[in-house]
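Notes follow the structure.
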Amino acid sequence: DAGVTQSPTHLIKTRGQQVTLRCSPKSGHDTVSWYQQALGQGPQFIFQYYEEEERQRGNFPDRFSGHQFPNYSSELNVNALLLGDSALYLCASSLLGPPGANVLTFGAGSRLTVL
Amino acid sequence: AQSVSQHNHHVILSEAASLELGCNYSYGGTVNLFWYVQYPGQHLQLLLKYFSGDPLVKGIKGFEAEFIKSKFSFNLRKPSVQWSDTAEYFCAANTGTASKLTFGTGTRLQVTL
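Line by line, the protein sequences are chains A and B.
The working numbering puts the first residue of the first sequence at 1, with every later residue one more than the last.
The working numbering puts the first residue of the second sequence at 116, with every later residue one more than the last.
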């Protein structure tokens with residue numbers, strides 16, 4: 001059990017559509033990060049949320065947006081889907097603190113296919 | 116730019132063989148280093164981490180890694196692999212208190228009986 005729960009596990013969309021992915025962090029964690037893992041690649045950082053605000057952002061366009069709720073859960077939204085958005089989307093949670101405590105716990109991911 | 120490189124993309128070993136997977140990083144300043152493993156159909160799991168102190172880090176399932184600052188390397192080792200070690204292995208790094216991780220492209224390890 002990863003402790004981080006993501007939904008849905010799989011989904012198929014068509015180009016131009018919008019998608020929302022959801023994440024519940026591990027109990028006790030207050031920070032949520034999202035990563036995109038394309039086939040055969042390592043995860044790429046999208047953004048991180050803490051105290052309901054975007055704290056850091058990777059090199060992704062504004063079509064990618066997110067939200068964190070008061071219970072620390074989070075959503076990732078992608079608008080105007082492109083074929084290249086097909087990937088495994090990973091949510092990771094952590095507890096904001098000094099480097100020694102700042103270890104990510106990953107969920108199993110949501111696999112998005114864009115046709 | 117910060118980057119992590121894994122030069123072994125696919126490694127095939129027989130059971131009981133020794134393993135060393137390469138990882139090099141390009142970071143300025145203090146760096147934190149990690150190895151994650153992704154077993155088939157499972158989520159990413161932390162194998163081991165280095166923040167400071169002893170450069171030889173021991174992790175779960177008999178894995179260890181050595182931080183060599185002069186070589187910008189953090190190679191993963193295991194003296195004797197098992198069939199159950201078949202998985203994809205990712206090296207990752209971040210700096211300071213930022214938890215944003217930069218991952219390498221991964222190494223697929225296949226252990227044969």
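Glycine included, C-beta positions come from ideal geometry on N, C-alpha and C.
In angstroms, rounded to a whole number, what distance separates the CA positions of PRO134 (chain A) and THR113 (chain A)? For residue 134 (chain A) there is no data in the structure shown, the boundaries of chain A being 1 and 115.
How many angstroms separate the CA atom of ILE46 (chain A) from the CA atom of SER167 (chain B)? The C-alpha of SER167 (chain B) is placed about 27 Å away from the C-alpha of ILE46 (chain A).
What is the residue span of the beta strand (DSSP E) that TYR140 (chain B) lies within? Here the beta strand (DSSP E) through TYR140 (chain B) covers 139-141.
Just to confirm, are THR220 (chain B) and GLY42 (chain A) a CB contact at a threshold of 8 Å? Taking 8 Å as the Cβ cut-off, THR220 (chain B) and GLY42 (chain A) qualify as a contacting pair.
Could you have a look at LYS123 (chain A) and say whether DSSP puts it in helix, strand or coil? The structure shown does not extend to residue 123 (chain A), since chain A is modelled only from 1 through 115, so no value can be given for it.
Considering only residues of the same chain and omitting the five flanking positions on each side of SER93 (chain A), which have a CB-CB separation below 6 Å? VAL4, PRO25, LYS26, HIS29, VAL32 and THR105.
Strand pairing of ALA94 (chain B), partner residues [DSSP]: No information on residue 94 (chain B) is available, as it lies outside the stretch 116 to 228 that chain B covers here.
For the region 101-115 of chain A, enumerate the residues whose C-beta is nearer than 9 Å to any C-beta of chain B, in chain order. For the region 101-115 of chain A, which is checked against every Cβ of chain B, the residues closer than 9 Å are ASN102, VAL103, LEU104, THR105, PHE106, GLY107, ALA108 and GLY109.
How many whole angstroms separate the CB atoms of PHE164 (chain B) and ASN147 (chain B), which I take to be in contact at a CB cut-off of 8 Å? Here residue 164 (chain B) turns out to be Lys, not Phe, going by the sequence shown. About 7 Å; that satisfies the 8 Å criterion.
Just to confirm my understanding: we take LEU21 (chain A), look at its own chain, exclude 5 residues before and 5 after, and list those with CB closer than 6 Å. What are they? Excluding sequence positions up to five before and after LEU21 (chain A), its CB lies within less than 6 Å of the CB of LEU76, TYR89 and SER110, all in the same chain and listed in chain order.
Counting only beta-carbon atoms, is PHE45 (chain A) nearer than 8 Å to chain B? Chain B contact via Cβ: present.
Does DSSP put LEU83 (chain A) in a helix, a strand or coil? Residue state, collapsed to three classes: helix.
ARG15 (chain A) versus CYS206 (chain B): straight-line alpha-carbon distance, rounded: Cα-Cα distance, rounded: 33 Å.
What three-state label does DSSP hand GLY66 (chain A) in the structure shown? Of the three classes helix, strand and coil, the one that applies to GLY66 (chain A) here is strand, per DSSP.
Nearest candidate by alpha-carbon position, reference VAL172 (chain B), set B:LEU159, B:PHE149 and B:TYR154: Selected option, being the one with the closest Cα: B:PHE149.
Do VAL196 (chain B) and LEU136 (chain B) have their C-beta atoms within less than 8 Å of each other? No, the pair does not count as a contact, with Cβ atoms beyond the cut-off.
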